[in-house]
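Participant: Residue numbers (the working numbering), protein chains in the order written: chain G, 41 to 377; chain A, 41 to 377; chain X, 41 to 377; chain F, 41 to 377. From the three backbone atoms N, C-alpha and C, an ideal C-beta is built for every residue, glycine too.
Number of protein chains: 4
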Amino acid sequence: MRTAVLEGAGKVTLQQRPVPLPGPGEVLVQVAAVGTCGSDVHYYEHGRIGDFVVESPLVLGHEPSGVVVAAGAGADRHEPGQRVSIEPGVPDFTCEYCRAGRYNLCPRMRFFGTPPIDGAFCEYVVVHEEFAYPVPDSLSDDAAALVEPLSVGVWACRKARVGPGSRVLVAGAGPIGLMCLQAAKAFGATCVAITDVNPRRLEFARGLGASEVVNVRETSLADAGIEPDVLLECSGNPAATGAAIRAVRRAGRVVLVGMGGDEIPLPLAHVQTREIEVTGTFRYANTWPDAIALAASGRVDLDALVTGHYGLADVEQALTIGARDPGSVKVVVTPQR
Amino acid sequence: MRTAVLEGAGKVTLQQRPVPLPGPGEVLVQVAAVGTCGSDVHYYEHGRIGDFVVESPLVLGHEPSGVVVAAGAGADRHEPGQRVSIEPGVPDFTCEYCRAGRYNLCPRMRFFGTPPIDGAFCEYVVVHEEFAYPVPDSLSDDAAALVEPLSVGVWACRKARVGPGSRVLVAGAGPIGLMCLQAAKAFGATCVAITDVNPRRLEFARGLGASEVVNVRETSLADAGIEPDVLLECSGNPAATGAAIRAVRRAGRVVLVGMGGDEIPLPLAHVQTREIEVTGTFRYANTWPDAIALAASGRVDLDALVTGHYGLADVEQALTIGARDPGSVKVVVTPQR
Amino acid sequence: MRTAVLEGAGKVTLQQRPVPLPGPGEVLVQVAAVGTCGSDVHYYEHGRIGDFVVESPLVLGHEPSGVVVAAGAGADRHEPGQRVSIEPGVPDFTCEYCRAGRYNLCPRMRFFGTPPIDGAFCEYVVVHEEFAYPVPDSLSDDAAALVEPLSVGVWACRKARVGPGSRVLVAGAGPIGLMCLQAAKAFGATCVAITDVNPRRLEFARGLGASEVVNVRETSLADAGIEPDVLLECSGNPAATGAAIRAVRRAGRVVLVGMGGDEIPLPLAHVQTREIEVTGTFRYANTWPDAIALAASGRVDLDALVTGHYGLADVEQALTIGARDPGSVKVVVTPQR
Amino acid sequence: MRTAVLEGAGKVTLQQRPVPLPGPGEVLVQVAAVGTCGSDVHYYEHGRIGDFVVESPLVLGHEPSGVVVAAGAGADRHEPGQRVSIEPGVPDFTCEYCRAGRYNLCPRMRFFGTPPIDGAFCEYVVVHEEFAYPVPDSLSDDAAALVEPLSVGVWACRKARVGPGSRVLVAGAGPIGLMCLQAAKAFGATCVAITDVNPRRLEFARGLGASEVVNVRETSLADAGIEPDVLLECSGNPAATGAAIRAVRRAGRVVLVGMGGDEIPLPLAHVQTREIEVTGTFRYANTWPDAIALAASGRVDLDALVTGHYGLADVEQALTIGARDPGSVKVVVTPQR
């Protein structure tokens, strides 16, 4: 099969590899669409993310959808032909974190497109049958792929206990911020503000239903009168994060979704006297069924985020379009075209 | 002021009473609209509900909206002219339940239209300023009144931890069931089934967005394939309740919203082996801001439930229309007309 | 190896069977001690519990401790010679309940001594390596076995959210009631009352630290002034359960631990107006490390419950001593003697 | 009555003031004992804590116990002669935070000994009758006073969800750290480590039941093998706090109890990839009954912390002994002697 391989920072080549065989409990999925993510771009540009270093050729791509075409021993959950969205991180299932329902914290997690585990920029992948989730026909291949970043938003909203009446601030209107925005609305929030420094992104966010958009290069949160119960931090900017935390109301929750370096300054007195809860999210757990339901019901619009499609031969273009086109939001790799 | 007084079972008369004076921390509200509730009807028909007995003349009505027209000492929260929705139960604020945020369980609760506390079928009422909640102009007087029954639904959904992905079954498509249906959808549930034995009510529920409607006189829950995570029991029918609980999935939640007599049979083995959680709701706490936000944002349609209006002179008609007209859903008393 | 086999109601024979081989990820454990449980007795007497029917010869016993003597492929968690307490129910790990941390609800659970899965009244058993938990030398073999029933109490206390300040009522002073009593105290409860109709059991409970003991044949809960926040129902008596629920305070929690037939009467108005939460427990999940820590620290005394030991040849005696000796609390089968 | 008044930084004088009169719902309490707290010392030394500035003469002291001697209108909760522990912060009871059970976040809180509200270094104080809690005779006056700092520990443990099996690290072995240590054990934690740089304090902590003591001037947390689930930060040292957070396990909780300046560095990647929850505590809410029960049951030893007593004339000595005597832990002012 054709496979786009990251050979090192800045170099992706198209190679022929054997189609993988599904092991016990696994299915073989013909990949239909794979979203590209900021972390794919980061690996492409830098050859590493923090302690995760690309030391040998790696296949990127961890937002795949596709069609089940074969099953390994004992895998009877899906019929061949079933369209699925793939959850790309499979844990060991048996460690203390897995047994406690927090499998995203499993120390032995195998996650697509993260060294040394290959991802989905190729024609076929294998995955545990329980991590391939059926999707209804109403969901496009693109949308089925983007269930992955939507899951990031769903997970952030769960951690933040977003519900009807929550006043939510999403900091950063990139793809993850837009997912958090849509997830927060789907969780019942009637008031969701979003910030960025890019006017086009803010306009895009307004179109997706933001109650208020704030260009923090021009207006401070205080001047904009934003006092959220919940801050979903997706900007990855340490200074902006400190300022946003200072805007949070008493008993509020802060969820750090964006990766923003090693340390941020935590405004201690503010957190203590208001008893604000701060946490970070690491991927997600048990989100696929809910995320699929939200997309299938139309409460979240995933197709609206897609601004471009690329074949396997053009993965480098897919990974660099964001830097070249400020209007690019989310691009999708389509291995079968 | 004109006041509709329940003199005993089956007898409401219109009387002149002095306009009440707001005490410290209270406001005087000119009543615009008052929803009628099944409990009003029950007091009218039977002169009692359980241990609550109408022993002296009583003013019914506990779903009022109106306009603030005066304030007592120290009450500075509202400007005169402010349109408000009234939360009709004021606790003592200082007991152990109040301090723990569960003021609906306050043993010294004073609740409108519940013996011996007078309600709102009259021209003016006084209430603690914090229990009169501003409503935006986009909310009609009727809708501002119906924030009270919507609060019942919001509270039930909170207790049941309804969220995106919850598969919800609402048993009973009366006014409270319809509120629970709308609240569940506003909490993110994409799959909400509802049952009743009245086809007109089921049709009404479908129009409000039920995913599935089941006439349990004709089809059992099992035959309909209903296996909810959450059961919001609003039918008040003990036998139906037992059957509905048996349909609930593992780890599911059951909230008993409807009052259905002294005892129900609890299917013990089912509850134990599936670890189902069963609880009941008693009114609500801290729901008004969220309920108003849901109604104001259009996520819940309260006006759609209103099927009739009556003046103070016609309160008896308002209380009996439900028995006479099976198409009646929710009627509103408008004291100023 | 020698194995005590239940051939049908009322008949246990000692047979020779091959020592089982540990599969991948499993360990072989030489059984040191196995507690006997009311469910073992029930299978012995009736050949069934509800829908679980003994249709072919079955080995009972699901409270084992022992020593790891061999490991299957890939099982590297334990050194040979490691003393362990065994959690006797191994789920499929991958279903939606397992992934959500509620593996005790796994539909494909394989539980020791429950048809058709054999238990531990034998010399050797195999179990998933993660379900064999190391115990310190300070814990006796008996205590390591009784971590299983202690887990029932720990799980009940978690479900009931027992903590410092909780006023707890344990209904029923049998072995499970005594475990709940000790667990509640270990969770911080300073006030734990217990009821029974057997004075010897109540005396035993007092010795284990019950704040108050009530013989409900002689004194009603109301007369005894018992108004708990938490009811841990271990009596399995439907009528007593109804009465005990009526004693629970506002916002209280009821956990049904004892199996008591198909239905109990739920006092509806009481549950609703006080917003009492009722649930049942089905075994336990993620309790072993905490239960071992409590026993090892001396906060819970498991050895104190043991009133007799029996060899494999005397399993029938172990299963019938409770009926013959009212002073019997917990008996242990010791396969190596 | 005699009253010790802080006239400004470094100056306390003894003055005569009129005995206060209890208002409606209030009781008059003859003060028996008042613990001194680090914040009292800080006001004495600096005349301010952050934004709270001593601009006019102020009575310090917010850890009082005493005897009810009179009651205001409508206050019928206590008989004269009732010994009580006083919760020193009375909220407005009706704001959104109060109604949600989080009254410690009430913006209109009136807290003893915090500008401009006078405290308890005097012979008599008035307080809302619900904030004077009966104590049993088994509790000394000192212990009844120290229910206040114990409440800080109880609140921290609640926020951290400490329970049986929690591995807890308390950073800082000052009075608050020692309260957190004792509270954690009372919540069921069997493994509680504590750190400090003062060997005497660590020895004291060991005597109170710490599982492990670490002098972080000599040994790092990593070298000591400390990997807690819960960090209760009571040292107030920003750098130490950052290091301690890095020791916390996946899914762990960090509660910032000590006030340590305006900002701390939050190790972002650690918090995100491990989904650690960080929050701060501000005083406490709904803790008195539990704290009294823990002290009365002997699970927590408050008297053991008291290292000195001072009369009203010696309040300056009480506030400076900590700086002069490194063996001083907690000193108590006794206004009646």
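1. If you follow the alpha helix (DSSP H) that residue 285/A is part of, which residue opens it and which one closes it?
2. Exposed or buried, what is residue 102/X when buried is set at 16 or more other beta-carbons lying within 10 Å of its beta-carbon?
3. Just the Cα atoms here: how many angstroms apart are residue 81/G and residue 247/A?
4. Excluding the five sequence neighbours on either side, which residues of its own chain have a C-beta within less than 7 Å of the C-beta of residue 356/A, listed in chain order?
5. Might you give, ordered along the chain, the residues of its own chain that have their beta carbon closer than 8 Å to the beta carbon of residue 278/A, omitting 5 neighbours on each side?
6. What residue ranges within the segment 288-324 of chain G form continuous beta strand (DSSP E) runs of no fewer than 3 residues, ordered along the chain?
7. Using 7 Å as the cut-off, classify the Cβ of residue 147/G as near or not near the heavy atoms of the ligand MG, replying yes or no.
8. Residue ranges of each alpha helix (DSSP H) run of no fewer than 4 residues wholly in the segment 189-272 of chain G, ordered along the chain?
9. Can you give me the start and stop residues for the beta strand (DSSP E) that residue 122/F sits inside?
10. Taking residue 104/X as part of the beta strand (DSSP E), name the residues at either end of that continuous run.
11. According to DSSP, what are the bridge partners of residue 129/X?
12. Taking residue 285/A as the reference, give the member of 179/A, 369/A, 209/A with the closest Cα.
13. Closer than 8 Å by C-beta to residue 41/X: which residues in its own chain qualify, once you throw out the five before and the five after it? Chain order, please.
14. Cβ of residue 104/A within 8 Å of Cβ of residue 128/A?
15. Closer than 8 Å by beta-carbon distance: list the chain F residues that pair up with residue 334/X, in chain order.
16. Tell me the DSSP secondary structure of residue 187/A in three-state form.
17. Considering only their Cβ atoms, is the gap separating residue 167/A from residue 126/A smaller than 8 Å?
18. Rounded to the nearest angstrom, how far is the Cβ of residue 180/G from that of residue 341/G, given a contact under 8 Å?
19. Tell me, which residues are paired with residue 372/A by DSSP?
20. Is the segment 90-99 of chain G close to the segment 177-196 of chain G, with three or more CB pairs under 8 Å?
21. Spell out the partners DSSP gives residue 172/X in its beta bridges.
22. Run through DSSP, which three-state label would residue 334/F get?
23. How about residue 330/F: is its C-beta nearer than 8 Å to some C-beta of chain X?
24. Taking residue 151/A as the reference, which of 177/A, 188/A, 173/A, 134/A has the closest Cα?
25. Which of the three DSSP states is assigned to residue 355/X in this structure?
26. Does the structure place the segment 308-326 of chain X close enough to the segment 107-119 of chain X that three or more beta carbon pairs sit under 8 Å?
27. Is the Cβ of residue 191/A closer than 8 Å to any Cβ of chain G?
28. Is any beta-carbon of chain G found at less than 8 Å from that of residue 141/X?
29. 8 Å is my cut-off, CB to CB: does residue 194/F come that close to chain X?
30. Give the straight-line distance between the Cα atoms of residue 199/A and residue 319/A, rounded to the nearest whole angstrom.
31. May I ask which residues mark the beginning and end of the beta strand (DSSP E) holding residue 47/A?
32. The beta strand (DSSP E) with residue 54/F in it runs from where to where?
33. Got a sec? Which residues, its chain only, sit under 7 Å from residue 225/G by beta carbon, not counting five neighbours each side?
34. From the beta carbon of residue 149/X, is the nearest beta carbon of chain A less than 8 Å away?
35. One question on the structure: do residue 331/G and residue 190/G come within less than 8 Å of each other, judged by their Cβ atoms?
36. Closer than 8 Å between beta carbons: that is the criterion. Which residues of the segment 313-328 of chain G meet it against chain X?
Facilitator: So, to answer that:
1. 278-287
2. buried
3. 47 Å
4. 52
5. 300, 301, 303, 304, 305
6. 293-296, 303-307, 317-320
7. Questions concerning the ligand MG fall outside what the structure shown contains, since it holds no ligand whatsoever.
8. 215-226, 239-247, 261-264
9. Counting along the chain, residue 122/F falls outside any beta strand (DSSP E), and DSSP gives it neither H nor E.
10. 104-111
11. 151/X
12. 209/A
13. 56, 57, 58, 59, 162, 163, 164
14. yes
15. 204, 205, 228, 230
16. helix
17. yes
18. Not quite, the Cβ-Cβ distance comes to about 11 Å (not below 8 Å), so this is no contact.
19. 75/A, 349/A
20. no
21. 126/X
22. helix
23. yes
24. 188/A
25. helix
26. no
27. no
28. yes
29. yes
30. 8 Å
31. 42-48
32. 51-56
33. 232, 249
34. no
35. yes
36. 325, 326
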